[in-house]
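As structure tokens, the structure follows; a few thoughts come after it.
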Amino acid sequence: MKRRRSLLSLVALGASGAAWAVPRRWLLPAAALGAAWPAQAQPAEEDVAMMQNALSSVRRIGDFPSKAALSNAEDELTALLARWRRFAGQVAPNELPAILRNRAAVKLRGSRAEEALADLDEALELCKKAKSDQLVQYDEMPKVLIARGGALRALRRYSEAVKDYDLAGDLFGEPDLEMLSGRAQAKVGLQEPAAAAEDFDAAAELLRLAGRRPEAEIEAERGAVQRMAAEDLLPAEEAFAGVIRRSVGLLSKDMGLLQRVVLADSDARMAMTAISWHKKQPEIAEAYWRDGCDRLTILADEATGKNLALGFADGDVYNCTRYASDSTWIREVRGWPQQAIGWFEDFLRNRDPSAAPRESYVQDLMAGKRPGEGSTLMDLAIATDVFRRSDPLADIQKNLQRDPLLQQERERAER
């Protein structure tokens with residue numbers, strides 16, 4: 001009997017960034033990573049090549065999947081699945097579930113949640129049959145459960161999703177980013193905002209520990225929104241202010257990720273508009289509104305002009321007019337509670353457009369600080385963010401030249 005590692009993990013070792021990850025639990029006993037499998041009828045070189053091609057097809061789907069890319073990836077995974085079924089009992093028991101899990105991910109990207117769930121149900125049954133294998137029980141099974149939680153969320157079966165996420169967490173035995181973020185979103189669906197906020201915050205902390213600061217702020221902002229939904233306003237306000245402070249200065253070579261950070265940062269500023277208005281602080285609310293509105297206008301202008309809407313979900317580019325005109329979108333996409341939406345709408349109805357906030361408040365916000373906290377020109381110059389990439393003074397001047405456009409967009413949103 002020949003001892004060998006899972007072929008799937010061997011292929012993954014040479015495919016960085018792929019949807020199939022190298023097993024996360026490197027501390028599993030050696031026997032689990034090299035269980036005994038029959039030497040006969042093992043996958044040949046052409047089978048390995050087939051798996052690599054399927055892996056590449058999944059990677060090529062990208063942020064904005066075309067029907068052709070999804071169809072091609074699914075076809076290759078289906079062919080791979082048929083080939084691997086012939087090796088049943090002769091390959092590592094985590095491989096068939098992993099292929100099914102990845103095909104389910106492709107189907108879910110194509111908005112076919114029921115079909116994705118069917119694949120994941122089969123993958124889970126295969127895992128249960130092989131649960132004596134530690135690599136299956138402590139690595140593949142929790143991955144399948146997390147993926148199934150995502151499919152159940154897409155079907156609005158939130159309670160079932162939370163159960164799958166909980167079980168995955170128990171099997172992993174340690175915090176897992178995908179589990180925490182997915183469970184948080186499921187708890188949002190269950191209208192359990194305080195519990196959702198805890199999971200979002202835990203996910204943000206994991207990302208910070210991993211050095212993934214931009215993604216951490218996106219998760220932290222989601223947590224702040226849920227604290228606002230739980231009517232825990234002081235922690236929500238502090239969390240939004242923290243996101244704004246930490247987001248200024250974030251750099252990344254990933255333009256899509258930078259855009260998502262700016263969108264989260266701008267959402268935090270809009271939320272602070274609502275909270276400040278509710279607290280009877282109209283000048284501060286106006287400062288947050290103008291600054292957030294300008295940021296969104298600049299981002300949308302650049303994304304449209306350069307055809308780089310990578311960070312906008314489904315390429316749906318928007319500016320502050322969306323906040324002023326679409327309360328359903330604010331509630332369902334940004335996750336705001338109805339009470340905060342009401343504060344925001346009241347601000348838009350009753351604000352005094354002629355009462356511009358003091359310049360020091362605007363400067364504070366541009367430097368990532370709260371209005372009235374105080375900032376210097378040096379703070380502003382070193383606050384390099386997506387709008388001040390390499391030459392802060394030149395980019396500030398460019399944005400000042402945009403002022404007529406920014407004013408026009410604000411007025412359009414305010415009408």
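In the numbering used here, the protein residues as written are 1 to 415.
From the three backbone atoms N, C-alpha and C, an ideal C-beta is built for every residue, glycine too.
**Q.** Neighbourhood of residue 81 by C-beta distance below 6 Å, restricted to the same chain and skipping five residues each side
**A.** Residue numbering aside, residue 81 sits at position 81 when the sequence shown is read from its first letter. Excluding residues within five positions, the ones whose Cβ falls inside 6 Å are 99.
Q: Taking residue 449 as the reference, give the member of 381, 272, 297 with the closest Cα.
A: Within the shown structure, residues of the chain are numbered from 1 to 415, placing residue 449 beyond reach of any answer.
Q. At what residues does the alpha helix (DSSP H) containing residue 418 begin and finish?
A. In the structure displayed, the chain extends from 1 to 415; residue 418 sits before or after that span and is not available.
(Q) Which of the three DSSP states is assigned to residue 376 in this structure? (A) One-based indexing of the sequence shown puts residue 376 at position 376. Here residue 376 sits in coil by DSSP.
Q. Is it the case that the Cβ atoms of residue 181 and residue 217 are separated by a distance below 8 Å?
A. Translated into positions along the sequence shown, residue 181 becomes position 181. Translated into positions along the sequence shown, residue 217 becomes position 217. Against a cut-off of 8 Å, the Cβ pair of residue 217 and residue 181 comes out as no contact.
Q | Cβ of residue 49 within 8 Å of any chain D Cβ | A | Judged by its chain identifiers, the structure shown contains no chain D, having just a single protein chain.
Q. What three-state label does DSSP hand residue 190 in the structure shown?
A. To locate residue 190, count along the sequence shown from 1; it is residue 190. Here residue 190 sits in coil by DSSP.
Q. Is the CB-CB distance between residue 45 and residue 57 below 8 Å?
A. Position 45 of the sequence shown, counted from the first residue, corresponds to residue 45. Position 57 of the sequence shown, counted from the first residue, corresponds to residue 57. No; because the gap between Cβ atoms is not below 8 Å, this pair is not in contact.
(Q) Closer than 8 Å is the cut-off here; do at least three beta carbon pairs connect the segment 88 to 102 with the segment 128 to 145? (A) yes
Q. Can the beta-carbon of residue 250 be found less than 8 Å from the beta-carbon of residue 213?
A. Position 250 of the sequence shown, counting from 1, holds the residue named residue 250. Position 213 of the sequence shown, counting from 1, holds the residue named residue 213. Contact: yes.
(Q) Would you call the segment 283 to 300 in contact with the segment 352 to 369, where contact means no fewer than 3 C-beta pairs closer than 8 Å? (A) yes
Q: Would you mind working out which of 317, 192, 365, 240 sits nearest residue 256, comparing C-alpha positions?
A: As a position in the sequence shown, residue 256 is number 256, starting the count at 1. Checked all of 317, 192, 365, 240; the closest Cα to residue 256 is 317.
**Q.** Span separating the alpha-carbon of residue 254 from that of residue 311
**A.** Here residue 254 refers to the residue found at position 254 of the sequence shown. Here residue 311 refers to the residue found at position 311 of the sequence shown. Distance between the alpha carbons of residue 254 and residue 311: 9 Å.
Q: Give the secondary structure of residue 257 by DSSP, where H, G and I count as helix, E and B as strand, and everything else as coil.
A: Position 257 of the sequence shown, counted from the first residue, corresponds to residue 257. Helix.
Q. What residue from 329, 291, 278 has the CA that sits closest to residue 368's CA?
A. The residue given as residue 368 occupies position 368 in the sequence shown. Nearest option by C-alpha distance: 291.
**Q.** Cα-Cα separation, residue 227 to residue 169
**A.** Taking the sequence shown and counting its residues from 1, one reaches residue 227 at position 227. Taking the sequence shown and counting its residues from 1, one reaches residue 169 at position 169. So the two alpha carbons sit approximately 23 Å from each other.
Q) For residue 463, which residues of its own chain have a beta-carbon under 7 Å away from its beta-carbon, when the five flanking residues on both sides are left out? A) Residue 463 falls outside the range modelled here, since the chain spans only 1 to 415, and no answer is possible.
Q: With a floor of 4 residues, list each alpha helix (DSSP H) that falls wholly inside the segment 204 to 273, ordered by position along the chain.
A: 213 to 229, 233 to 247
Q. Taking the C-alpha atoms as reference points, what is the distance between residue 262 and residue 381?
A. Here residue 262 refers to the residue found at position 262 of the sequence shown. Here residue 381 refers to the residue found at position 381 of the sequence shown. Going by the C-alpha atoms only, they are around 18 Å apart.
Q: Would you give the residue range spanned by the alpha helix (DSSP H) that residue 162 belongs to?
A: By one-based count along the sequence shown, residue 162 stands at place 162. Residue 162 -> alpha helix (DSSP H) spans 158 to 172.
**Q.** Helix, strand or coil at residue 57 according to DSSP, with G and I counted as helix
**A.** As a working mapping, residue 57 is identified with position 57 in the sequence shown. Of the three classes helix, strand and coil, the one that applies to residue 57 here is helix, per DSSP.
Q: Take residue 164 and list the residues in its own chain whose beta-carbon comes closer than 8 Å to its own, dropping the five residues that flank it on each side.
A: The residue labelled residue 164 in the question sits at position 164 within the sequence shown. 145, 146, 148, 149, 152.
Q. How is residue 318 classed by DSSP in three states: helix, strand or coil?
A. Residue 318 sits at position 318 when you count from the first residue of the sequence shown. If DSSP states are grouped into helix, strand and coil, residue 318 belongs with coil.
(Q) Counting C-beta neighbours from all protein chains within 10 Å, is the total for residue 64 16 or more, i.e. buried, or is it exposed? (A) Here the question's residue 64 lines up with position 64 in the sequence shown. It is exposed - the Cβ of residue 64 has fewer than 16 other Cβ atoms within 10 Å.
Q | Between the CA atoms of residue 184 and residue 203 - distance to the nearest angstrom | A | Counted from its first residue, the sequence shown places residue 203 at position 203. Counted from its first residue, the sequence shown places residue 184 at position 184. Answer to the nearest angstrom: the Cα atoms are 9 Å apart.
(Q) Rounded to the nearest angstrom, what separates residue 116 and residue 66 at their Cα positions? (A) For the purposes of this step, residue 116 is identified with residue 116 of the sequence shown, where counting begins at 1. For the purposes of this step, residue 66 is identified with residue 66 of the sequence shown, where counting begins at 1. One C-alpha to the other measures close to 18 Å.
Q: Locate the alpha helix (DSSP H) running through residue 90, then write down its first and last residues.
A: Mapped onto the sequence shown, residue 90 falls at position 90. Taken as a continuous stretch (DSSP letters only), residue 90 belongs to no alpha helix (DSSP H), as it is neither H nor E.
Q) Given that a residue counts as buried once 16 or more other Cβ atoms are within 10 Å of its Cβ, and exposed if not, what is residue 266? A) For the purposes of this step, residue 266 is taken as the residue at position 266 of the sequence shown. Result: buried.
Q: Give the C-beta separation of residue 229 and residue 193 to the nearest angstrom, bearing in mind that I take them to be a contact with Cβ-Cβ under 8 Å.
A: Within the sequence shown, numbered from 1, the residue matching residue 229 stands at position 229. Within the sequence shown, numbered from 1, the residue matching residue 193 stands at position 193. At roughly 4 Å, the Cβ-Cβ gap stays under 8 Å, so residue 229 and residue 193 are in contact.
Q: Please say whether residue 118 and residue 101 have beta carbons closer to each other than 8 Å?
A: Position 101 of the sequence shown, counting from 1, holds the residue named residue 101. Position 118 of the sequence shown, counting from 1, holds the residue named residue 118. No, these two residues do not count as a Cβ contact at 8 Å.
Q. What's the gap between the Cα of residue 412 and the Cα of residue 201?
A. Counting from 1 along the sequence shown, the entry for residue 412 is found at position 412. Counting from 1 along the sequence shown, the entry for residue 201 is found at position 201. If you take the alpha carbons of residue 412 and residue 201, they lie about 35 Å apart.
Q) Below 8 Å between beta carbons: does that hold for residue 364 and residue 370? A) Along the sequence shown, read from residue 1 onward, the residue named residue 364 stands at position 364. Along the sequence shown, read from residue 1 onward, the residue named residue 370 stands at position 370. Yes, they are a contact pair.
Q | alpha helix (DSSP H) segment containing residue 356, residue limits | A | As a position in the sequence shown, residue 356 is number 356, starting the count at 1. Segment: none, residue 356 is in no alpha helix (DSSP H) and carries neither H nor E.
Q) Beta-carbon separation of residue 60 and residue 69 under 8 Å? A) Locating residue 60 in the sequence shown gives position 60, where the first residue counts as 1. Locating residue 69 in the sequence shown gives position 69, where the first residue counts as 1. For residue 60 and residue 69, yes; Cβs fall inside 8 Å.
Q: Go through its chain and collect everything with a Cβ distance to residue 199's Cβ below 6 Å, but skip five positions before and after it.
A: Translated into the one-based positions of the sequence shown, residue 199 becomes position 199. Within the same chain, residue 199 has close Cβ partners 180, 183, 184.
(Q) On the criterion of 16 or more Cβ atoms from any shown chain inside 10 Å, does residue 353 qualify as buried, or is it exposed? (A) Counted from its first residue, the sequence shown places residue 353 at position 353. By the neighbour-count rule (16 or more Cβ atoms within 10 Å), residue 353 is not buried but exposed.
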